[in-house]
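In the working numbering, the protein residues as written are 3 to 121.
Heads up, the beta-carbon is just placed ideally off N, CA and C, and yes, glycines get one too.
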Ligand code: FES
């Protein structure tokens, strides 16, 4: 089993260490460097939706726009609150949906028609 899949299993709670065993630090949102422990603390502080957790920890606001973390966080919310992951609302996406090279934005007005000139 790879190290990566072992971490994901810990984050989803499928495989938990025995009580009294120090849990490793598991980064759930790699883009914003939010750990499983920070997410659980936010949930225990009363932030029970993905949108609220996003506002507190910036999860889902990174380079991948939540593609790498939101489903895992939904599972953690399910564990902590009992709210099924399938019933949780995904946070409102904020543009840009995908990262853009800055040079592409700089060329936006270069074209006389005002359209993007992507050479
Ligand atoms: S892993 Fe969370 S925003 Fe990319």
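Opposing strand residues paired with residue i [DSSP bridges]
{"i": "residue 31", "result": "36"}
Per-residue DSSP class, three states only, for residue i
{"i": "residue 70", "result": "coil"}
{"i": "residue 47", "result": "coil"}
{"i": "residue 108", "result": "helix"}
{"i": "residue 75", "result": "helix"}
{"i": "residue 85", "result": "coil"}
Residue range of the unbroken alpha helix (DSSP H) whose run includes residue i
{"i": "residue 55", "result": "52-59"}
{"i": "residue 92", "result": "First-last for residue 92: undefined, no H or E at that position."}
Whole-Å CB distance - residue i paired with residue j, under 8 Å assumed
{"i": "residue 50", "j": "residue 83", "result": "5 Å"}
{"i": "residue 45", "j": "residue 30", "result": "Actually they are not in contact, since the Cβ atoms of residue 45 and residue 30 sit about 12 Å apart, beyond 8 Å."}
{"i": "residue 52", "j": "residue 36", "result": "Not confirmed; about 12 Å, so no contact."}
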